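Okay, so here's the structure we're looking at.
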């Protein structure tokens with residue numbers, strides 16, 4: 210008689226690891242006499258790094274689990290790694306807010322890990338139930354995180370606004386998924402929905418699929434803050450604790466975009482069959498309008514913002530517009546799938562790095578630095594290192610050459626031109642030119658203006674920065690420059706991981 | 034399964050969903066808005082369960098269970114947020130929450 214040892218199911222090991230770390234942090238906190246923020250931070254980092262290592266070493270490209278509900282395809286698998294790495298950076302840039310005792314450390318890091326877990330599952334889900342549960346895991350986690358700061362009325366308001374709009378968009382998502390389920394004649398797998406799109410049995414099926422995709426797209430438009438569903442973004446970013454705003458800006462958008470691409474993958478044109486290409490044409494038009502509106506409105510409204518996090522919120526709306534161009538290229542079959550995926554991943558990596566950099570500096574400066582832009586006047590004199598990190602992040606957001614943001618925009622827009630979306634690329638380039646005004650204005654403030662006396666008084670940046678925060682900012686800034694100057698390193702990383 | 038009732042179920046679900054959307058857009062009290070959102074979620078549930086019955090598949094019914102669980106979790110967190118907001122400002126009117134518009 211042979212004893213069969215239980216084997217580890219590697220496909221979900223990283224996800225379980227994250228969940229266990231989160232639960233472990235909360236449980237262990239019960240047994241501590243004094244708060245141990247540094248310990249929870251290290252545990253969180255350890256969990257994220259272990260999960261990332263498991264993905265890199267043990268999960269090869271294209272593995273699926275749970276009857277195809279979860280699949281580590283090229284985009285999803287690397288997307289998980291981007292999200293885990295971004296999660297590490299955000300844990301690091303939470304060091305100062307947590308140390309200043311603004312946030313209860315154990316709950317904060319546990320919820321942050323659960324949100325990262327939800328985002329990771331979102332980017333590998335190929336089934337409606339899994340997508341819905343991941344989206345909600347992120348949403349419910351962020352409701353709590355947004356209002357976690359003690360005795361803070363702005364945080365409560367941000368949490369309430371995010372709650373109402375995220376729950377509203379969940380309603381659209383559920384009804385959309387119901388219709389997609391009906392269109393696929395009783396299957397929640399995206400693969401079966403693709404079959405229904407390619408070989409629809411009745412006109413009723415076509416109607417269901419059409420309604421399903423339209424409603425689900427509306428739900429995702431809220432999550433990705435696409436114009437006209439963007440109105441809550443500025444308020445939520447401004448009121449939520451800065452690292453939480455960074456999660457929403459960088460990670461949630463990266464995972465949401467990957468999930469949107471997976472969800473819309475049944476619409477990717479395989480041949481010019483009449484039914485499918487007609488359906489895809491409709492959605493291409495819709496996405497085109499979303500992208501154009503987000504680029505125009507995001508950049509225009511960012512120009513007049515006086516508060517740093519509101520400005521960054523509108524900048525992420527514009528960036529969502531640029532990212533949607535990637536989805537449009539994906540739906541078109543003129544460009545090879547692998548090339549589109551690389552372009553989108555390069556953009557997402559750059560996007561995560563520069564947003565973590567910008568929000569990280571704001572978090573380091575404390576309440577004053579999270580408020581009015583005037584506070585940045587003379588920052589280069591007061592703390593040159595922070596000013597440098599902010600400058601790199603802002604130059605990268607603008608898309609100045611020799612930064613990761615430039616490489617991201619260049620690869621994405623090149624693919625878009627290949628696929629024939631020239632009008633949209635022209636719009637995006639014009640938008641980037643406009644964006645230089647509001648990004649570089651802060652650089653001008655930092656280097657060319659004197660700090661006023663009241664600014665210096667309000668500073669909390671006088672104390673030396675916590676080690677974790679420092680490491681987080683150095684890593685994101687260094688990576689932004691490295692990937693900008695030597696884009697080959699990024700491509701090499703994408704290949705070996 | 035009588036095929037006549039199937040479109041009726043879907044129409045009912047769409048009607049409830051529209052009521053929910055209108056409720057969210059019209060109501061100013063956070064609790065009423067939240068009730069309207071629950072209406073939208075349940076309209077989705079009704080559509081899911083109708084499709085599940087029509088195609089004799091249990092995945093739709095399973096998804097309904099998850100949606101209900103998630104809605105309960107959302108209600109728990111959402112009501113906590115409302116209570117905290119009420120303590121800070123003695124109101125849960127959405128129009129009165131305007132500290133952040135700048």
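Chains as they are written, first to last, in our numbering: chain A, 210 to 706; chain B, 34 to 135. Built from N, CA and C at the ideal position, the CB exists for glycine as well. Keep in mind that this is a model prediction, so the values were computed, not measured.
Exposure of residue i, with buried meaning 16 or more beta-carbon neighbours within 10 Å
{"i": "residue 392/A", "result": "buried"}
{"i": "residue 593/A", "result": "exposed"}
{"i": "residue 105/B", "result": "exposed"}
{"i": "residue 282/A", "result": "buried"}
{"i": "residue 214/A", "result": "exposed"}
{"i": "residue 329/A", "result": "buried"}
{"i": "residue 46/B", "result": "buried"}
{"i": "residue 159/A", "result": "Nothing can be reported for residue 159/A, as the shown portion of chain A is limited to 210 through 706."}
{"i": "residue 657/A", "result": "exposed"}
{"i": "residue 345/A", "result": "buried"}
{"i": "residue 241/A", "result": "exposed"}
{"i": "residue 37/B", "result": "Note that residue 37/B has pLDDT 48, beneath the 50 cutoff, so the model's placement of it is unreliable and no number is given."}
{"i": "residue 246/A", "result": "buried"}
{"i": "residue 40/B", "result": "exposed"}
{"i": "residue 269/A", "result": "exposed"}
{"i": "residue 659/A", "result": "exposed"}
{"i": "residue 588/A", "result": "buried"}
{"i": "residue 631/A", "result": "exposed"}
{"i": "residue 432/A", "result": "buried"}
{"i": "residue 394/A", "result": "buried"}
{"i": "residue 55/B", "result": "exposed"}
{"i": "residue 51/B", "result": "exposed"}
Proximity test, Cβ basis, 7 Å: residue i and chain A
{"i": "residue 92/B", "result": "yes"}
{"i": "residue 34/B", "result": "Low local confidence applies: a pLDDT of 48 at residue 34/B is under 50, so the model's placement there is unreliable, and no value is given."}
{"i": "residue 56/B", "result": "no"}
{"i": "residue 73/B", "result": "yes"}
{"i": "residue 45/B", "result": "no"}
{"i": "residue 130/B", "result": "yes"}
{"i": "residue 17/B", "result": "Here chain B has residues from 34 to 135 only, and residue 17/B is not among them."}
{"i": "residue 97/B", "result": "no"}
{"i": "residue 52/B", "result": "no"}
{"i": "residue 70/B", "result": "yes"}
{"i": "residue 133/B", "result": "yes"}
{"i": "residue 42/B", "result": "no"}
{"i": "residue 80/B", "result": "yes"}
{"i": "residue 88/B", "result": "yes"}
{"i": "residue 84/B", "result": "yes"}
Proximity test, Cβ basis, 7 Å: residue i and chain B
{"i": "residue 371/A", "result": "no"}
{"i": "residue 431/A", "result": "no"}
{"i": "residue 245/A", "result": "no"}
{"i": "residue 687/A", "result": "no"}
{"i": "residue 438/A", "result": "no"}
{"i": "residue 395/A", "result": "yes"}
{"i": "residue 384/A", "result": "yes"}
{"i": "residue 319/A", "result": "no"}
{"i": "residue 387/A", "result": "yes"}
{"i": "residue 377/A", "result": "yes"}
{"i": "residue 580/A", "result": "no"}
{"i": "residue 648/A", "result": "no"}
{"i": "residue 391/A", "result": "yes"}
Residue i - partner residues in DSSP beta bridges
{"i": "residue 62/B", "result": "126/B"}
{"i": "residue 384/A", "result": "BP columns for residue 384/A are empty, so no partner."}
{"i": "residue 581/A", "result": "516/A"}
{"i": "residue 103/B", "result": "BP columns for residue 103/B are empty, so no partner."}
{"i": "residue 511/A", "result": "Bridge partners of residue 511/A: none, in fact."}
{"i": "residue 279/A", "result": "274/A and 334/A"}
The ligand ADP heavy atom lying under 6 Å from the CB of residue i
{"i": "residue 76/B", "result": "This structure lacks the ligand ADP; in fact it carries no ligand of any kind."}
4 or more residues per run - each alpha helix (DSSP H) lying fully within the region 383–429 of chain A: Entirely contained in the region 383–429 of chain A, the alpha helix (DSSP H) runs reaching 4 residues are, in chain order, 399–407.
Cβ-based contacts, 8 Å cut-off: residues of the region 328–354 of chain A near chain B: Within the region 328–354 of chain A, 337, 338, 341, 342, 345, 348, 349, 352 and 353 place their CB atoms closer than 8 Å to a CB of chain B, listed in sequence order.
Contained alpha helix (DSSP H) runs [length at least 4] in the region 555–636 of chain A, N- to C-terminal order: DSSP runs (the alpha helix (DSSP H)) wholly in the region 555–636 of chain A: 588–591, 593–607 and 613–627.
Sequence ranges, alpha helix (DSSP H) only - wholly within the region 422–501 of chain A, length at least 4: Entirely contained in the region 422–501 of chain A, the alpha helix (DSSP H) runs reaching 4 residues are, in chain order, 442–448, 451–455 and 461–473.
Interface positions of the region 102–123 of chain B facing chain A (Cβ-Cβ less than 8 Å), listed along the chain: Those residues of the region 102–123 of chain B that come within reach of chain A (Cβ to Cβ, closer than 8 Å) are 103, 106, 107, 110, 111, 114, 115, 117, 118, 121 and 122.
Chain B contacts from the region 482–516 of chain A (Cβ-Cβ distance under 9 Å): Those would be 514, 515 and 516, in chain order.
Members of the region 353–368 of chain A that neighbour chain B once the beta carbon cut-off is set at 7 Å: For the region 353–368 of chain A, which is checked against every Cβ of chain B, the residues closer than 7 Å are 353, 356, 362, 363, 365, 366, 367 and 368.
Ranges of the beta strand (DSSP E) found wholly within the region 643–700 of chain A, counting only runs of at least 3: With a minimum length of 3 residues, no continuous beta strand (DSSP E) run stays inside the region 643–700 of chain A.
Residue ranges of each alpha helix (DSSP H) within the region 219–255 of chain A, 4 or longer: Taking only runs of at least 4 residues, the alpha helix (DSSP H) segments lying wholly in the region 219–255 of chain A are 222–239.
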